[in-house]
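Note that my numbering has the sequence shown beginning at 931, numbered continuously upward.
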Amino acid sequence: MLAIEQLSLARQLDLVFKELDEELGGMSSGTVFVQIRNNVVGKFGIRHNPLPGRGGNFDSGEEGLNGIQRASFRALALESLKLKQRWTHGEIQYDFSLRQGMLTVDATLESNYNMANLLIRQPREGQRGAANPSCG
């Protein structure tokens, strides 16, 4: 069996959208999130408000995304990976909504860094002979 680490991030994202396809078919708005660590998708899912309220009443809203809209959403998500630069850890969020039959998608790419990892990669100043480097 193929390990997830062996798949490109684009292929992993494609698998995410295939897994969420049926669920997206029942939603007209929400946020798809994908958490990434070492360029590997970990946790992913959808955040949404299934019963939006206006004026004291619940609005059932529009139908969910149709097959063409879901395919377009997946293509936009894959295209957004081209904007990911140099980072390997973070989260991508895709806010989507269906209004009057038109799909809108906004992507937010969040890079995360870890100071401990940065310090491991950087050589220490005065590492030779000085046990306690002074701050001066």
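Note that CB positions come from ideal geometry on N, CA and C, so glycine has one too. Just so you know, these numbers come straight off a predicted model, no measurement behind them.
Q936 in three-state terms, based on DSSP
If DSSP states are grouped into helix, strand and coil, Q936 belongs with the helices.
Could you give the distance in angstroms between the alpha-carbon of I1050 and the alpha-carbon of R1004?
Rounded to the nearest whole angstrom, the CA to CA distance from I1050 to R1004 is 37 Å.
Whole angstroms is fine: what's the gap from N996's alpha carbon to G955's?
Whole-angstrom Cα-Cα distance: 6 Å.
I'd like the span of the beta strand (DSSP E) that includes S959, first residue to last.
Secondary structure note for S959: its beta strand (DSSP E) is the uninterrupted segment S959 to R967.
I'd like to know whether the C-beta atoms of I1022 and S1010 end up nearer to each other than 9 Å.
Taking 9 Å as the Cβ cut-off, I1022 and S1010 qualify as a contacting pair.
Which first and last residues belong to the beta strand (DSSP E) in which L1033 is found?
Its beta strand (DSSP E) spans residues M1032 to S1041.
How is K1012 classed by DSSP in three states: helix, strand or coil?
Helix at K1012.
If F963 sits next to R941, beta carbons under 8 Å apart, how far is it from one beta carbon to the other, in whole angstroms?
Actually they do not touch by this definition, with Cβ atoms about 18 Å apart.
Please report how far the alpha carbon of A1060 lies from the alpha carbon of V1035, in whole angstroms.
Confidence at A1060 is low in this model, with a pLDDT of 49, below 50, so its placement is unreliable and the value that follows should be read with caution. Across the structure, A1060 and V1035 are spaced so that their CA atoms are roughly 54 Å apart.
Indicate the three-state DSSP secondary structure (helix, strand or coil) for Q1052 in the structure shown.
It is coil, neither helix nor strand.
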